[in-house]
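Structure record follows, encoded as structure tokens.
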Amino acid sequence: MTTNTLISRRSIQLLRILVSGIFLVAGTNHLLHIEKTAKRIEQASFKGIAYFFGEPQLLIVLSGIVMIVAGFLFLIGYKTKWAAIVLTAVLIPITLTVQVGQITTLGPLFKNIAILGGLLFFILNDTDNLLKTK
């Protein structure tokens with residue numbers, strides 16, 4: 000059984016635009032401050048997660064590029080669901096590596112959880128077609 004829920008088109012667009020901003024800023028910071036970001040990983044309780052995926056400095060550059068590209072696609076609403084999936088795939092290991100296990104970073108941890116919630120909205124809902132049909 001499918002239930003139709005009315006959602007304002009503007010609220011969907013606004014949520015997408017606001018959520019994309021964090022990835023555009025974070026991606027840019029990754030590329031401009033590679034050493035600073037690498038030091039944060041080195042000090043993290045779960046830095047082994049980053050090392051599992053490869054050399055942290057390379058991961059920082061790759062994640063920065065991915066966040067900027069997918070964040071921009073998410074911003075403009077192109078392949079929103081796929082952009083949200085890619086951003087989620089970047090957000091989860093970053094969150095587990097840097098925020099989990101750090102009592103001083105509970106605010107950023109829950110910020111990332113909230114961002115994940117915004118991304119899941121676009122993953123679970125076909126907003127591309129919703130916006131086209133109205």
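Position one of the sequence shown corresponds to residue 0 (numbering that gives the first Met the number 0), numbered consecutively onward. Idealized CB from N, CA, C, for every residue including glycine. These numbers were taken from a predicted model, which means no experiment stands behind them.
Nearest to residue i (by Cα), restricted to the options the options
{"i": "PRO55", "options": "GLY117, THR96 and ALA83", "result": "THR96"}
{"i": "ALA43", "options": "GLY106, ILE11, GLY117 and THR94", "result": "THR94"}
{"i": "VAL99", "options": "ASP125, ALA82, ILE40 and GLN12", "result": "ILE40"}
{"i": "SER62", "options": "ILE75, LEU31 and GLY47", "result": "LEU31"}
{"i": "LEU24", "options": "SER7, ALA88 and VAL65", "result": "Residue 24 is actually Val in this sequence, not Leu. Looking at the Cα atoms, VAL65 is the closest of the given residues."}
{"i": "ILE48", "options": "ASP125, LEU118, VAL89 and THR126", "result": "VAL89"}
{"i": "GLN12", "options": "ILE67, PRO92, TYR77 and ILE91", "result": "TYR77"}
{"i": "ILE67", "options": "THR27, THR126 and LEU118", "result": "THR27"}
{"i": "SER19", "options": "SER7, THR79 and THR103", "result": "THR79"}
{"i": "PRO92", "options": "GLY117, ARG8, GLY53 and LEU123", "result": "GLY53"}
Burial state of residue i (16 or more Cβ within 10 Å)
{"i": "PHE109", "result": "exposed"}
{"i": "LEU17", "result": "exposed"}
{"i": "ASN3", "result": "exposed"}
{"i": "ALA113", "result": "exposed"}
{"i": "ILE75", "result": "exposed"}
{"i": "LEU105", "result": "exposed"}
{"i": "THR103", "result": "exposed"}
{"i": "LEU57", "result": "exposed"}
{"i": "LEU118", "result": "buried"}
For residue i, the first and last residue of its enclosing alpha helix (DSSP H)
{"i": "LYS80", "result": "79-93"}
{"i": "GLY76", "result": "It is not in any alpha helix (DSSP H) - GLY76 carries neither H nor E in the DSSP assignment."}
{"i": "ASN111", "result": "105-123"}
Integer Cβ distance of residue i from residue j, believed to fall under 8 Å
{"i": "PHE120", "j": "LEU14", "result": "7 Å"}
{"i": "ALA83", "j": "PHE73", "result": "6 Å"}
{"i": "LEU86", "j": "PHE22", "result": "6 Å"}
Task: Residue ranges of each alpha helix (DSSP H) within the region 4-63, 4 or longer - done: Every alpha helix (DSSP H) stretch that sits fully inside the region 4-63 and reaches 4 residues is listed by chain position as 8-31, 33-42 and 46-52.
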